């Protein structure tokens, strides 16, 4: 499931719990973020150990670069990605069902 982020004031939760019309609860975990800036998209993924990795295809090609554990990110840090002098702003959060 992807969630479009209309602004950076929205808190990005690491887990989402949604209830359907039959009161069944569904849990989703954050798996990645998509960012836009400098005329292209970049991404972050969260691995099974909750470590965060970023990729900028222009700079890193197919290689992801490890950052730090997800729990160490503030909400403002998860909304922006700075690579060198370039700043990218979040536009989508990607979740998977548990």
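Numbering (the numbering used here), first residue to last: 286 to 383. Beta carbons: idealized from backbone N, C-alpha and C, even for Gly. If you're wondering where the values come from, they're calculated on a predicted model, not measured in any experiment.
- What's the C-alpha gap between residue 326 and residue 288? 16 Å
- Answer yes or no: does any C-beta atom of chain B fall closer than 8 Å to that of residue 300? Reference to chain B is not applicable here, since this structure consists of a single protein chain.
- Message: Quick test of the definition: if touching needs 3 or more C-beta pairs under 8 Å, does the region 339-346 touch the region 302-316?
- Response: no
- Item | Outcome for residue 364 when other beta-carbon atoms lying within 10 angstroms are tallied against a minimum of 16 | buried
- Query: Taking residue 381 as the reference, which of 353, 309 and 300 has the closest Cα?
  - Reply: Per the Cα distances, 300.
- Item | Euclidean distance between Cα positions of residue 375 and residue 296 | 12 Å
- Message: Along the chain, where does the beta strand (DSSP E) containing residue 344 start, and where does it finish?
- Response: The continuous stretches of beta strand (DSSP E) do not include residue 344, which lies in the alpha helix (DSSP H) extending over residues 342-345.
- Report the residue ranges of all beta strand (DSSP E) runs contained in full by the region 301-346; include only those spanning at least 3 residues, in chain order. 310-322, 325-331 and 336-340
- Message: Using only CA atoms, which one of 345, 320, 286 and 305 lies nearest to residue 293?
- Response: 320
- Nearest to residue 345 by alpha carbon, out of 379, 307 and 329? 329
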